[in-house]
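Be aware that the sequence shown starts at 1, since it is given in the UniProt record's numbering, and climbs by one per residue. Right, one structure below, let's go through it.
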Amino acid sequence: MVGRCERSARPTVFFCGPDAAARKRVRRDIVDSGILAQYPGFVTADSARPPQFDEVRRVASGEEASPAGVLGASPTCGNPMGAAVRVRRVGRGGEVALATATVGAVYRLGEELFFATAAHAFVEQDAGGNVESHGDFEFDGDFDDEEDSESGPDFISEPGADGDEEENSDHVQAASANDLDLQILTATAEPRGPISSDAVLAFQAEDIVVSSIDGPHPGLDYCLIRLKQDDPRIFGDMSALNGACNIHTIHPSCVASAPHDGTVIAYTGSKKAFSGTMSGTPSFLTLPGGQISQELWTVQLDGALADGDCGSVIIDDITGEIGGHIIAGSPATGTAFIVPAHLVFDDLRTRLGRETALAQRFEKCQAETSSGPMDARRAKMLTTRFHKMLSARRIEKLRNRLRSNLQASRDDDGGPHPSSLPPSYAAADRGIPLVPTQPWDARSIRFRKMLVSLSSVPTSWENPGLLDEALTLAPLDQLYAEAEEESQVFLAEAQSLGTGKKPAWGFQDCLIRAVMRWFKRSFFSWVNNPVCVRCGSPTLAVGMTAPLPDEAARGATQVELYRCCHDACGSYERFPRYNDAFVLVQTRRGRCGEWTNCFSMLCRAFGSRVRWVWSSEDHVWTEVYSTHCERWVHVDACEEAWDEPRIYTERWGKKLAYCIAFSTDGAADVTRRYVRSAGFALERTRAFESDLLHIINEIRSMRRKSLPLVDKFRLEKEDAGEDRELQRYVALQIAHEFCKIDVANPSFHSSKPLSTDSVKTREGRVSGNAEWVRARGERPFEGI
1 MVGRCERSAR PTVFFCGPDA AARKRVRRDI VDSGILAQYP GFVTADSARP PQFDEVRRVA
61 SGEEASPAGV LGASPTCGNP MGAAVRVRRV GRGGEVALAT ATVGAVYRLG EELFFATAAH
121 AFVEQDAGGN VESHGDFEFD GDFDDEEDSE SGPDFISEPG ADGDEEENSD HVQAASANDL
181 DLQILTATAE PRGPISSDAV LAFQAEDIVV SSIDGPHPGL DYCLIRLKQD DPRIFGDMSA
241 LNGACNIHTI HPSCVASAPH DGTVIAYTGS KKAFSGTMSG TPSFLTLPGG QISQELWTVQ
301 LDGALADGDC GSVIIDDITG EIGGHIIAGS PATGTAFIVP AHLVFDDLRT RLGRETALAQ
361 RFEKCQAETS SGPMDARRAK MLTTRFHKML SARRIEKLRN RLRSNLQASR DDDGGPHPSS
421 LPPSYAAADR GIPLVPTQPW DARSIRFRKM LVSLSSVPTS WENPGLLDEA LTLAPLDQLY
481 AEAEEESQVF LAEAQSLGTG KKPAWGFQDC LIRAVMRWFK RSFFSWVNNP VCVRCGSPTL
541 AVGMTAPLPD EAARGATQVE LYRCCHDACG SYERFPRYND AFVLVQTRRG RCGEWTNCFS
601 MLCRAFGSRV RWVWSSEDHV WTEVYSTHCE RWVHVDACEE AWDEPRIYTE RWGKKLAYCI
661 AFSTDGAADV TRRYVRSAGF ALERTRAFES DLLHIINEIR SMRRKSLPLV DKFRLEKEDA
721 GEDRELQRYV ALQIAHEFCK IDVANPSFHS SKPLSTDSVK TREGRVSGNA EWVRARGERP
781 FEGI
């Protein structure tokens, strides 16, 4: 809102930049387009710099103040951060002046300590420089003493507003006259003149070990000076270093790699520690005396800046990350611009050829720290920051991997090349959050092709005519009566527990339970070795044979051949393996594959949403969506098991790697529902986890592309809810493992008596004969 007073203020869109002609051209184009007619009351304006800055200058120079008036008291602890120090500045003519700067971060190089401050404090800056010729990123101002129309805002009235160009011109001149010129503000300098070397204790250019001015990136504006704990130029009276510290409330922990919206602490030479807010959006500015635009981060301090605050370090008050050091700002508004610390670190690493570490703690600096619980706001901000850091790290790893793969493909001459081999699957990244990546190695691509092929199984059940025909084979009256009776039992149990209690299962759930019992006990039969139809004797497996024409016509891709054990008979029996559920309702026999295929189709015929769950350990089963419970429910018709997802691990003792559920709506990795304990988890080596996530998303997109938007949103909401459910299983298992720890002897789990559930886990598999179950490793569980 801009205006001469509060009542006349109007919403104004500012265009800021050094090119006055470009600013006016953009505003004129907007007026000609008629866009503003849709927003009555809005006007446009342009300025060489944002209107909130009265001036932008380097906070380390000025001729009017005295160093004595700026120099703060010497620190009473051994940590020099925020201490105001005097420096000798050498002018172009060789004259010397005293200036003030602030000690920033402290670095450790080998066994020595060095403190950082602004390099421009030691050198007289050129306050001139025509910014009109500097790039496209000079958003914040005209750094020359241009005419008033260049530094002040110009206004155009909204379309249709009364007033002529002369009135607008007066408005421009009035606004320009109120703006202050931009100038360099480096250290506070005394009037130039000869200064005795013994007159005052000050740092000089000879003390600088490393300076950005001498390097490839002078705009970083830093220099390092060796730190000595007995240096009176920093600590003054050494007897006053008693270790007590009420300034350094936050110690630096690491370097921020990107700006974040949040609160910070600034250790300045004028006001010591005071708070502020950092913007998550970087700025690109050409500072007074600069030649090119550079990246700077913006901090709004809770108070005014002062001459001599250059070099002050900015630290995140939650994470302890160093954002950078102040080199310029708008003193009256408290807006400061800082050089990102990670750029300084990178420059030092390149120039010195070794890593630079932060000096995080000082023996004589006992900062007051809170031992109470962390409040919700700080915890939320830390969590958000942690997720962003992990995400950035993960994306960078993926980019590096892609670059290495591309380089390997260029270097590959057609033969095996060591650099083109994929990394170990056991060493796959376990970053959070997981970022989907397209499969690129041969193993992951094969896994993708297999999963895409398996995802088509549920689509074969979506034939309304065949589904209606399948229902004619079921005793509908019996099944619906059983479902009604059972649902009433669940309702009565819920009512007995008090008002507002929800039944355990709804009517549709009870109907599927009735279908499961009928399917297991009356409809379908299990086949180990088929019985000889001629004499009724058992048979022995001979091998595989080609399907006959009628078997192939019904979808059989392979046929098992068996020979009668009775020598006098010796006839052969064929067992074709059909994949078509509508054929299976006619044959009504098979093993777990046929059972699950046929039963899942019947559940679909009875109106339930169905999943076909594939396990990499040669087993399949069904999941049915319960609208009553709003979740997917495990169903295994072979075992007559309802909502017992841990049956395979804790009852059979089977270890699983992948459990992937397929439906007409897509796919989902539901392994966490069936593998609760790490002792039952096999290593997942068929693809990287990020590749598997990409494959799952690809199958979902494939199956949902023709759905209405409202159905897509509903399914996405279901996916998110199921993911939370699966995460909860992991959390519950971790809590369960903690509860088993014997506090007196943490190395061992406490021994607890077996519960009735534990006895049930030893029953083993029901379907299949003992030899077949033993061969598959699905015998009763004896413990891990």
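The beta-carbon is built from N, C-alpha and C at its ideal position, and this holds for glycine as well.
Using only the alpha-carbon positions, how far apart do residue i and residue j sit?
| i | j | result |
| --- | --- | --- |
| Ser404 | Ile696 | 25 Å |
| Ser608 | Thr627 | 9 Å |
| Asn400 | Ser33 | 45 Å |
| Arg554 | Val710 | 38 Å |
| Glu482 | Pro645 | 24 Å |
| Arg10 | Ser444 | 60 Å |
| Ser615 | Tyr658 | 6 Å |
| Val13 | Thr298 | 21 Å |
| Pro67 | Val85 | Legend: pLDDT at Pro67 = 39, less than 50; position of this residue unreliable, no value from coordinates given. |
| Pro538 | Cys598 | 26 Å |
| residue 791 | Ser253 | Nothing about residue 791 can be read from this structure; the chain reaches only from 1 to 784. |
| Arg394 | Leu434 | 8 Å |
| Val43 | Glu6 | 16 Å |
| residue 785 | Gly721 | Residue 785 lies beyond the residue range present for the chain, which begins at 1 and ends at 784; the question has no answer from this structure. |
| His217 | Asp347 | 8 Å |
| Phe606 | His566 | 44 Å |
| Glu725 | Cys739 | 21 Å |
| Met389 | Asp691 | 21 Å |
| residue 789 | Ala22 | What is shown of the chain runs 1 to 784, which leaves residue 789 out entirely. |
| Leu343 | Asp441 | 36 Å |
| Thr617 | Leu656 | Before going further, note that residue 617 is Glu rather than Thr in the sequence given. Their backbone Cα atoms lie some 6 Å apart in a straight line. |
| Ala20 | Ser47 | 8 Å |
| Met381 | His260 | 10 Å |
| Leu451 | Gly280 | 42 Å |
| Ala45 | Val2 | 10 Å |
| Ile225 | Val209 | 6 Å |
| Pro80 | Pro439 | 52 Å |
| Val624 | Arg611 | 6 Å |
DSSP three-state label for residue i, please.
| i | result |
| --- | --- |
| Cys739 | helix |
| Trp595 | helix |
| Trp297 | strand |
| His619 | strand |
| Trp440 | coil |
| Thr587 | helix |
| Met381 | helix |
| Phe518 | Looking at the sequence provided, one finds Trp at residue 518 rather than Phe. It is helical. |
| Arg574 | strand |
| Tyr39 | coil |
| Leu348 | helix |
| Glu112 | strand |
| Gly262 | strand |
| Asp207 | helix |
| Val633 | strand |
| Asp567 | coil |
| Leu467 | helix |
| Phe155 | Any reading at Phe155 needs caution, since the residue's pLDDT is 43, under 50, leaving its predicted position unreliable; the model's value is listed next. Strand, per DSSP. |
| Asp221 | coil |
| Arg23 | helix |
| Thr277 | strand |
| Leu398 | helix |
On the DSSP bridge assignment, give the partners of residue i in chain order.
| i | result |
| --- | --- |
| Ala97 | Arg89 |
| Thr268 | Lys272 |
| Ala336 | Val299 and Gly329 |
| Ser283 | Leu296 |
| Tyr562 | Ala541 and Glu573 |
| Trp612 | Thr622 and Phe662 |
Does the ligand MG have even one heavy atom less than 6 Å from the beta-carbon of residue i?
| i | result |
| --- | --- |
| Ala657 | Ligands displayed in this structure: none; no statement on the ligand MG is therefore possible. |
Using 8 Å as the cut-off, can you tell me whether the region 537-549 makes contact with the region 655-674, which would need three or more C-beta pairs spanning the two stretches below that distance? no
Inspect the CB distances between the region 722-732 and the region 690-706 and report whether three or more fall short of 8 Å. no
Below 8 Å, can you find three or more Cβ-Cβ pairs linking the region 353-360 to the region 272-290? no
Would you check if there are 3 or more beta carbon pairs closer than 8 Å linking the region 209-228 to the region 265-284? no
Length at least 3, wholly inside the region 627-698: the beta strand (DSSP E) runs in chain order: 631-636, 659-663 and 666-669
Take every Cβ of the region 473-493, pair it with every Cβ of the region 502-513, and state whether three or more of those distances are shorter than 8 Å. yes
Okay, do the region 309-321 and the region 99-115 touch, 3+ Cβ pairs below 8 Å being the bar? yes
Taking 8 Å as the threshold, find out whether the region 466-473 comes into contact with the region 579-592 through three or more Cβ pairs. yes
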